Amino acid sequence: MPHGARLSVLCQMFGQNVAGRVRTTGYWNKLTTGAFISDGFVAWRPNRAVPWCSATGVRATATAYTRGTGVIIRRGPDTRHPAVGRLSNRQRFGVACQQWGQRVRGPATTSPIWNVLATGRQVPDALTLWRPGRPSLPWCGQAGWTVPPTPSNFIRRVAPGARMSQARYRVPASVTIAQAILESGWGKSLLTRRDHNYFGIKCFGAPGTIAIGCRGYATHECGGGKCWRTRATFRVYRNLAGSMLDHAKWLAERPRYRGAFRYYLSPGRFAAAIHRAGYATSPVYARNLIRIMSRYNLYRFN
Numbered sequence: 001m002p003h004g005a006r007l008s009v010l011c012q013m014f015g016q017n018v019a020g021r022v023r024t025t026g027y028w029n030k031l032t033t034g035a036f037i038s039d040g041f042v043a044w045r046p047n048r049a050v051p052w053c054s055a056t057g058v059r060a061t062a063t064a065y066t067r068g069t070g071v072i073i074r075r076g077p078d079t080r081h082p083a084v085g086r087l088s089n090r091q092r093f094g095v096a097c098q099q100w101g102q103r104v105r106g107p108a109t110t111s112p113i114w115n116v117l118a119t120g121r122q123v124p125d126a127l128t129l130w131r132p133g134r135p136s137l138p139w140c141g142q143a144g145w146t147v148p149p150t151p152s153n154f155i156r157r158v159a160p161g162a163r164m165s166q167a168r169y170r171v172p173a174s175v176t177i178a179q180a181i182l183e184s185g186w187g188k189s190l191l192t193r194r195d196h197n198y199f200g201i202k203c204f205g206a207p208g209t210i211a212i213g214c215r216g217y218a219t220h221e222c223g224g225g226k227c228w229r230t231r232a233t234f235r236v237y238r239n240l241a242g243s244m245l246d247h248a249k250w251l252a253e254r255p256r257y258r259g260a261f262r263y264y265l266s267p268g269r270f271a272a273a274i275h276r277a278g279y280a281t282s283p284v285y286a287r288n289l290i291r292i293m294s295r296y297n298l299y300r301f302n
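The numbering of the sequence shown is the UniProt record's numbering, which starts it at 1 and goes up by one.
This is the structure in structure tokens:
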């Protein structure tokens with residue numbers, strides 16, 4: 001597309017981080033032709049809000065949805081925050097991003113997700129009707145994703161966080177890197193790209209103190225010699241650093257993994273211990289970690 005060409009934008013999505021001529025961003029514009037262009041290469045004159053793309057790739061519209069007279073706009077994601085306005089029932093409004101907060105019951109669903117307006121004010125997603133379908137919204141403050149092109153690039157990216165986790169929580173850096181490789185598929189899994197979750201840590205109802213939300217994904221579970229497809233909610237992070245820190249904190253604070261820390265200086269035994277304690281359902285999980293640590297000499301990071 002030539003420089004200076006005018007674009008006809010249909011809607012936007014959030015995805016890979018791109019350093020463009022105008023800005024560095026994870027926002028992508030879907031054109032009316034069906035093609036996509038990074039917003040990093042788009043100069044808006046004048047600036048305008050772009051609607052989100054629904055799951056079917058068309059414009060998604062948010063409207064206030066309640067059995068009452070309207071939806072209260074609040075200063076934060078909790079009904080204890082002061083009211084600063086009101087949307088009338090069926091009134092359309094724009095959403096910038098989403099945030100985890102107080103669980104609210106709406107006419108059709110109950111949800112802890114709050115939709116953040118361009119002003120920073122918030123309304124419950126349970127009181128929001130998306131048509132023709134709910135878009136895949138970014139979480140507020142979430143960075144766009146990038147996938148390192150080679151294994152060595154991936155290892156260089158995650159190694160500093162792994163060493164920091166080792167210094168703070170005594171989780172061997174080599175184990176952390178091997179887990180990130182195995183769990184994220186070298187950073188290529190949808191869970192990692194979309195929500196910076198490198199270790200497959202689930203929510204179990206709440207994101208905890210480091211993650212910024214929860215999102216549902218299709219996954220596999222194994223047990224009794226069998227594996228099956230299922231669906232679970234996983235933690236969402238702002239970036240790689242949050243995922244690395246939460247992983248180490250998770251291991252250090254769970255009583256069932258306490259015995260593994262006796263092998264802090266023996267990464268292979270540490271990996272076997274967390275596997276025995278139930279970290280993963282795959283019967284060959286520890287074996288795979290040890291193989292990865294040996295193949296890429298990850299022990300050098302301990």
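Note that CB positions come from ideal geometry on N, CA and C, so glycine has one too. Quantities reported herein were computed from a predicted structural model and do not represent experimental measurements.
Taking one beta carbon from each stretch, the region 261-272 and the region 228-235 have fewer than 3 pairs nearer than 8 angstroms; the two do not touch.
When the Cα atoms are used, residue 257 and residue 31 turn out to be separated by approximately 50 angstroms. Counting C-beta atoms within 10 angstroms of its own C-beta, residue 87 has 16 or more neighbours from the protein chains shown and is therefore classed as buried.
When DSSP assignments are scanned along the region 96-143, the uninterrupted stretches of beta strand (DSSP E) that are 3 or more residues long and fall wholly within it turn out to be 97-105, 110-116, 122-124 and 128-131. Of the candidates 126, 207 and 222, the residue whose Cα lies closest to the Cα of residue 249 is 207.
Between the beta-carbon of residue 105 and that of residue 118 there is about 26 angstroms, and that puts the pair past the 8 angstroms contact cut. Here residue 197 is buried. Its C-beta has 16 or more other C-beta atoms within 10 Å. In this model, residue 37 and residue 13 are separated by some 10 angstroms (Cα to Cα).
Residue 30: member of the beta strand (DSSP E) spanning 24-31, first to last residue. Beyond the five residues adjoining it in sequence on each side, residue 97 comes within less than 7 angstroms, by CB distance, of 116, 137, 138, 139 and 140 in the same chain, given in chain order.
Only residues of its own chain outside the window of five on either side were considered, and among them 22 have a CB closer than 8 angstroms to the CB of residue 43, listed in chain order. Here the alpha carbon of residue 29 sits roughly 18 angstroms from the alpha carbon of residue 142. Counting only runs of 4+ residues, the alpha helix (DSSP H) found wholly inside the region 211-257 occupies 240-253, in chain order. Residue 74 is classed as buried because its beta carbon has at least 16 other beta carbons within 10 Å across all chains shown. Under the DSSP assignment, residue 17 falls in the beta strand (DSSP E) whose first and last residues are 9-19. With a cutoff of 8 angstroms on beta-carbon distance, residue 186 and residue 160 are scored as not near each other. Selection 165, 225, 246 and 72 evaluated against residue 200 yields 246 as nearest (Cα-Cα). Between the alpha carbons of residue 173 and residue 241 lies a distance of about 14 angstroms. Residue range 83-88 is occupied by the beta strand (DSSP E) that includes residue 84, with no alpha helix (DSSP H) assigned at that position. Inter-residue distance for residue 210 and residue 90 is about 35 angstroms (C-alpha atoms, whole angstroms). Going by DSSP, residue 71 is part of the beta strand (DSSP E) stretching over 70-74.
In the DSSP annotation of this structure, the continuous segment of the beta strand (DSSP E) that includes residue 64 starts and ends at 61-64.
Pairing residue 244 with residue 162 gives a Cβ-Cβ distance under 8 angstroms.
Within the same chain, and ignoring the five residues on either side of residue 66 in sequence, the residues whose Cβ sits closer than 8 angstroms to its Cβ are 89, 106, 107 and 127. In its chain, beyond the 5 residues on either side, 26, 144, 145 and 146 have a beta carbon closer than 7 angstroms to the beta carbon of residue 16.
For residue 67, the secondary structure class from DSSP, reduced to helix, strand or coil, is coil. The DSSP-derived three-state label of residue 154 is helix. Closest option to residue 203, judged by alpha-carbon separation, among 85, 214 and 149: 214. Per the DSSP secondary-structure output, residue 53 pairs in a beta bridge with 59. By the 16-neighbour rule on beta-carbons within 10 angstroms, residue 71 is buried. DSSP places residue 270 in the uninterrupted alpha helix (DSSP H) bounded by 267-276.
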